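One structure is given below, encoded as structure tokens.
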Amino acid sequence: MAPVDQYLMANREDEIALARSAAPESISRDATVLVLGRKGYEKAVEGKNGFVCVVGRSWGGPFDWPEFWNPKIRAADCLNPQAARSIIPIFNLRAKMAMAGSSKAEMLSALHAAYKNKQLPELESGAMDYMLSKSSYLTDEGDHNMPHLMFDTLVKDGKDWGSGAEGSPVMSSPYWFFYPDKQPQMKGLPPILVFLVGVGSWSDGTPAGMHSH
232 MAPVDQYLMA NREDEIALAR SAAPESISRD ATVLVLGRKG YEKAVEGKNG
282 FVCVVGRSWG GPFDWPEFWN PKIRAADCLN PQAARSIIPI FNLRAKMAMA
332 GSSKAEMLSA LHAAYKNKQL PELESGAMDY MLSKSSYLTD EGDHNMPHLM
382 FDTLVKDGKD WGSGAEGSPV MSSPYWFFYP DKQPQMKGLP PILVFLVGVG
432 SWSDGTPAGM HSH
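First residue of the sequence shown? That's 232 in my numbering, and the numbers climb one at a time after it.
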């Protein structure tokens with residue numbers, strides 16, 4: 232893990248604006264907005280449409296992702312009501328533990344315990360996220376950003392959605408671990424499979440091809 236300060240944004244208003252930029256203004260203007268503080272995520276704006284916008288950090292990603300502790304990651308994310316109820320509690324637990332200096336193993340152990348004790352909700356049907364911000368930084372690999380929608384599901388086989396088929400715009404990735412050899416560590420965690428569908432424009436309506444980091 233990098234020093235805690237590197238995961239924080241200097242300006243609270245900048246973080247609110249980045250979080251809102253994940254979705255079209257028609258959605259994000261009435262969304263609840265969370266910002267990262269020294270003890271985890273805090274509510275900065277109370278919304279009224281059930282959506283929650285937040286800037287995800289690296290330790291919100293799969294546990295075997297090489298960039299799990301990358302302090303540069305700023306993933307603007309606007310979750311619909313179903314995803315907000317299902318996924319934000321996971322965000323909150325991971326953020327609280329990361330900011331407290333917990334290890335990856337400790338974070339994983341806490342998640343297992345929280346699900347075993349029914350302290351985390353089951354994934355709701357229809358959970359999805361908007362990730363259409365021009366200003367996100369999603370990875371050090373290649374292009375740093377891509378506008379896309381994410382669908383959080385309990386589907387077992389990505390092929391059921393045509394994921395990875397030639398010419399298909401659909402991709403999929405397990406939520407907890409990328410690699411099959413890590414699957415035993417998933418026992419006790421909900422088998423969430425995330426589908427990603429790239430889109431042609433950013434949240435402000437400009438074509439994606441017009442922007443490059």
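Note that the Cβ used here is the ideal one computed from N, Cα and C, for glycine as well.
All of these numbers come straight from a predicted model, not from anything done at the bench.
Separation of residue j from residue i, as counted between CA atoms
i	j	result
M402	D295	18 Å
M377	G332	30 Å
F426	A250	21 Å
H444	V285	A caution first: H444 carries a pLDDT of 39, below 50, which makes its placement in the model unreliable, though a value can still be read off. Between H444 and V285, the C-alpha separation is close to 21 Å.
L369	F409	16 Å
T437	G268	32 Å
V264	W392	31 Å
S356	E244	32 Å
G287	S334	18 Å
L324	H375	26 Å
K365	A326	24 Å
M362	N348	31 Å
P341	P234	The sequence given here has Ala at residue 341, not Pro. One C-alpha to the other measures close to 22 Å.
W407	N242	30 Å
A248	E397	37 Å
Q350	P293	20 Å
Residues bridged to residue i (per DSSP)
i	result
Y361	C309, L380
K274	L265
F426	F382, S403
S432	P438
G287	A306
Y368	R305
Distance CB(residue i)-CB(residue j) smaller than 8 Å
i	j	result
A253	S432	no
E353	P255	no
K274	M330	no
P411	V428	no
L380	P405	no
D283	L310	Just to set this straight, residue 283 is Val in the shown sequence, not Asp. Result yes, Cβ atoms of V283 and L310 sit closer than 8 Å.
D261	N280	yes
N301	S317	no
G291	H343	no
F382	M359	yes
S259	A306	no
Cβ-based burial, residue i [other Cβ within 10 Å; buried from 16]
i	result
L173	The requested residue 173 is not part of the displayed model; the chain covers only 232 to 444.
A336	exposed
M441	Caution is warranted here: a pLDDT of 47 is assigned to M441, below 50, making its placement in the model unreliable, and no coordinate value can be reported.
S395	It is Gly, not Ser, that sits at residue 395 in the sequence shown. By the neighbour-count rule (16 or more Cβ atoms within 10 Å), G395 is not buried but exposed.
Sequence-distant residues of the same chain with beta carbon closer than 7 Å to residue i, five excluded per side
i	result
E277	T263
M328	E337, M338, A341
8 Å Cβ shell around residue i - same chain, five flanking residues per side excluded
i	result
D371	E298, N301, K303
K387	P422, L424
K390	A396
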